[in-house]
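**Q** Below is the structure I would like to discuss, written out as structure tokens.
There are 2 protein chains.
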Amino acid sequence: MKTRERILVVARELFNEQGEHNVAASDIALAMDISPGNLYYHFKGKDAIHIALFSVFQRELVGLLGTPLTQPSLFIDDEDSPVIRSWFFLTVVLEKMLEYRYLYDNLSDLMHRFPEIDRGCRRLGHLKFAACETLIAELLANSNASPERLDSLVNTMAMTLTFWLPWNQMTHNADQSDVIVHKGVLQLLSNCAPYMGDEQHSFYAECEALYREMVVAVR
Amino acid sequence: MKTRERILVVARELFNEQGEHNVAASDIALAMDISPGNLYYHFKGKDAIHIALFSVFQRELVGLLGTPLTQPSLFIDDEDSPVIRSWFFLTVVLEKMLEYRYLYDNLSDLMHRFPEIDRGCRRLGHLKFAACETLIAELLANSNASPERLDSLVNTMAMTLTFWLPWNQMTHNADQSDVIVHKGVLQLLSNCAPYMGDEQHSFYAECEALYREMVVAVR
DNA sequence: GTCTATATCGGGATAGAC
DNA sequence: GTCTATCCCGATATAGAC
Numbered sequence: 084m085k086t087r088e089r090i091l092v093v094a095r096e097l098f099n100e101q102g103e104h105n106v107a108a109s110d111i112a113l114a115m116d117i118s119p120g121n122l123y124y125h126f127k128g129k130d131a132i133h134i135a136l137f138s139v140f141q142r143e144l145v146g147l148l149g150t151p152l153t154q155p156s157l158f159i160d161d162e163d164s165p166v167i168r169s170w171f172f173l174t175v176v177l178e179k180m181l182e183y184r185y186l187y188d189n190l191s192d193l194m195h196r197f198p199e200i201d202r203g204c205r206r207l208g209h210l211k212f213a214a215c216e217t218l219i220a221e222l223l224a225n226s227n228a229s230p231e232r233l234d235s236l237v238n239t240m241a242m243t244l245t246f247w248l249p250w251n252q253m254t255h256n257a258d259q260s261d262v263i264v265h266k267g268v269l270q271l272l273s274n275c276a277p278y279m280g281d282e283q284h285s286f287y288a289e290c291e292a293l294y295r296e297m298v299v300a301v302r
Numbered sequence: 084m085k086t087r088e089r090i091l092v093v094a095r096e097l098f099n100e101q102g103e104h105n106v107a108a109s110d111i112a113l114a115m116d117i118s119p120g121n122l123y124y125h126f127k128g129k130d131a132i133h134i135a136l137f138s139v140f141q142r143e144l145v146g147l148l149g150t151p152l153t154q155p156s157l158f159i160d161d162e163d164s165p166v167i168r169s170w171f172f173l174t175v176v177l178e179k180m181l182e183y184r185y186l187y188d189n190l191s192d193l194m195h196r197f198p199e200i201d202r203g204c205r206r207l208g209h210l211k212f213a214a215c216e217t218l219i220a221e222l223l224a225n226s227n228a229s230p231e232r233l234d235s236l237v238n239t240m241a242m243t244l245t246f247w248l249p250w251n252q253m254t255h256n257a258d259q260s261d262v263i264v265h266k267g268v269l270q271l272l273s274n275c276a277p278y279m280g281d282e283q284h285s286f287y288a289e290c291e292a293l294y295r296e297m298v299v300a301v302r
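So the sequence lines, in the order shown, correspond to chains P and D. All you need for the numbering used here is the position in the first sequence, starting with 1, plus 83. All you need for the numbering used here is the position in the second sequence, starting with 1, plus 83.
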């Protein structure tokens, strides 16, 4: 792997582990066994690394959010139930966010410091909203919930999607970084539960079953 | 007002306006027209200011969260409906948080840097949970929602309470800092709506009525 | 591309006069 | 209590050799 690539990988790891602000450019160089000067040859400082890192993340997440549940894929069959499809979709999104969780630990800060990140996050926010809307439309197709309620539901889901990782970090100090995604999906979907029609119970059963299956599989 | 007091007030304002990390100790001194040396006479650096500021906030918020809806007060009558009481309670809590919103913009960061803030926020988190639980117990007294659902509802509410301010800041760049509290209360209560019994509609009506009333009153 | 050495700079912190 | 002046340090950034 080229040095430029490695810098991005190592920087992301350090940011996630130690918090963005605790990592100096020289720390990254040190962790890679290269000199600070060399690092500055590839990126003109930590800022440039941030921009590059975020642009990769943005591209990847836009790709995921852009095709929510619409097309079948390798993993998702068109015949699968909306619950399964939603479950899978949310899992994939949260896992991607977990890879770049340092971003969500310091969202306001980074958005404030970097206009690019600010614009990017707002764009991602809109996409999150849209994705949740189509997800809900599919999941609650024959629900009689009022539009206002659905609005607030979408809002809750988009917000949960954004802050689930930091929220868990602050409530459970333990590092259950693998179950955290599945717990998040359950939390997200359980918000939809009360609005579902008759399949309500079967939904919840399916959810819980999948949840336990995954948690067990991890351990 | 004594200098020591003024430092805390000005620091809080600057933190809220410009973000905690963008404010140096010398900035605070500058904004107050005192010398950096003088500031250091009162507080041994920015860290000490943070600790002092947080301890005030913690004391205040613990006071609010500690007596959720239980005792009648100047503003809350024992005969008032649970909806009104919940509404008022959430408003007061969110308004206090708004006064110290810089905290919630950089939660992970500050918790990471200051063990005191870390411990305090976890404690506040528990109190938030407990408060939401009693609120829900009162609000959904005769609901038949399953315990799992109620758990996830409490979780959603506590999380919303924690991240509502930063979430709004990142979605709506406009500074509608006065309505933000009322919008938050509506968002919080609308999560409970589907679990309410027959009074569901009357609840929503009451909520919306109050909401509009308050928004209009502000403008 | 990579290194070492060094310059720069901002913010934290202290000493001592008033 | 408050000021001025100064020191110190860590992190950023550059220069120039290899």
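All C-beta atoms in this analysis are idealised placements derived from N, C-alpha and C, irrespective of residue type, glycine included.
What does the alpha-carbon distance come out to for the pair T254/D and R205/P?
**A** Looking at the two C-alpha atoms, the distance is approximately 7 Å.
**Q** With 9 Å as the C-beta to C-beta threshold (strictly closer), list the residues of the stretch 237-257 of chain D near chain P in chain order.
**A** Hits within the stretch, in order: N238, T239, A241, M242, T243, T245, F246, W247, P249, W250, Q252, M253, T254, N256.
**Q** Taking only beta-carbon positions, decide if S118/D is within less than 7 Å of chain P.
**A** S118/D does not count as touching chain P.
**Q** Check each candidate in A114/P, E178/P, V106/P, L181/P and name the one with the smallest Cα separation from R89/P.
**A** Looking at the Cα atoms, A114/P is the closest of the given residues.
**Q** Buried or exposed: where does M242/P fall if 16 or more other Cβ atoms within 10 Å of its Cβ makes it buried?
**A** It is buried - the Cβ of M242/P has at least 16 other Cβ atoms within 10 Å.
**Q** Would you report the Cα separation of Q101/P and D110/P, rounded to the nearest angstrom?
**A** Distance between the alpha carbons of Q101/P and D110/P: 11 Å.
**Q** Measuring alpha carbon to alpha carbon, tell me which residue in P165/P, Y278/P, G146/P is nearest S52/P.
**A** The first residue shown for chain P is 84 and the last is 302, placing residue 52/P beyond what the model contains.
**Q** Roughly how many whole angstroms lie between the Cα atoms of R202/D and S138/D?
**A** So the alpha carbons of these two residues sit roughly 11 Å apart.
**Q** Counting Cβ pairs, one atom from each stretch, are 3 or more of them under 8 Å apart for the stretch 180-196 of chain D and the stretch 128-142 of chain D?
**A** Yes, the stretch 180-196 of chain D touches the stretch 128-142 of chain D.
**Q** If you measure from the beta carbon of S198/P to each beta carbon in chain D, is any gap under 7 Å?
**A** According to the sequence displayed, residue 198/P carries Pro and not Ser. No, no contact with chain D.
**Q** Count the other C-beta atoms from every protein chain shown that fall within 10 angstroms of the C-beta of D281/D, then say buried if there are 16 or more, exposed otherwise.
**A** By the neighbour-count rule (16 or more Cβ atoms within 10 Å), D281/D is not buried but exposed.
**Q** Quick one: grab the DSSP three-state call for T254/D.
**A** If DSSP states are grouped into helix, strand and coil, T254/D belongs with the helices.
**Q** Who are the Cβ neighbours of C275/P in its own chain at under 6 Å, not counting the five residues just before and after it?
**A** Contacts found: L222.
**Q** Going by alpha carbons, who is nearest to H133/D out of I117/D, F98/D, L147/D?
**A** Nearest option by C-alpha distance: F98/D.
**Q** My guess is that V264/D and V298/D are in contact by the Cβ rule of under 8 Å, so how many angstroms apart are they, rounded?
**A** So it is not a contact: roughly 10 Å between Cβ atoms.
**Q** Taking Cβ-Cβ distances shorter than 9 Å, what residues in chain D pair up with Y294/P?
**A** Going along chain D, no residue has its Cβ under 9 Å from Y294/P, so there is no contact; the nearest lies around 11 Å.
**Q** Under 7 Å, do E289/P and V166/P count as touching if we go by C-beta distance?
**A** Cβ distance < 7 Å, so E289/P and V166/P count as in contact.
**Q** So, helix, strand or coil for V166/D, using DSSP?
**A** The answer is helix: DSSP assigns V166/D an H, G or I state.
**Q** In chain P, what lies closer than 8 Å to D192/D by C-beta?
**A** Ordered by position in chain P, the residues that pass the 8 Å Cβ test against D192/D are G102, H104, D188, N189, D192.
**Q** Could you check whether V175/P and L218/P sit closer than 7 Å to each other, using their CB atoms as the reference points?
**A** For L218/P and V175/P, no; Cβs fall outside 7 Å.
**Q** Are the C-beta atoms of L267/P and some chain D residue less than 7 Å apart?
**A** The displayed chain sequence assigns Gly, not Leu, to residue 267/P. Judged by the 7 Å Cβ criterion, G267/P is not in contact with chain D.
**Q** Name the chain D residues that come within less than 8 Å of G208/P, Cβ to Cβ?
**A** M253, T254, listed in chain order.
**Q** Can you check whether the CB of W250/P is closer than 7 Å to the CB of G267/P?
**A** Contact flag unset, no.
**Q** When the Cα atoms are used, what is the spatial distance from K129/P to V301/D?
**A** Using only the alpha carbons, I get a separation of about 43 Å.
**Q** Taking only beta-carbon atoms, is S273/P less than 7 Å away from chain D?
**A** Interface residue, yes.
**Q** If you measure between the beta carbons of S235/P and S235/D, is that distance less than 7 Å?
**A** No, the pair does not count as a contact, with Cβ atoms beyond the cut-off.
**Q** Of the residues Y294/D, G120/D, N105/D, which one's Cα is nearest the Cα of T86/D?
**A** Nearest option by C-alpha distance: G120/D.
**Q** Within 7 Å (strictly less), CB to CB, does P277/P reach chain D?
**A** Yes, its Cβ sits closer than 7 Å to a Cβ of chain D.
**Q** For A107/D, which residues from the same chain have a beta carbon less than 8 Å from its beta carbon, with the 5 sequence-adjacent residues on both sides left out?
**A** The answer, listed in chain order, is K129.
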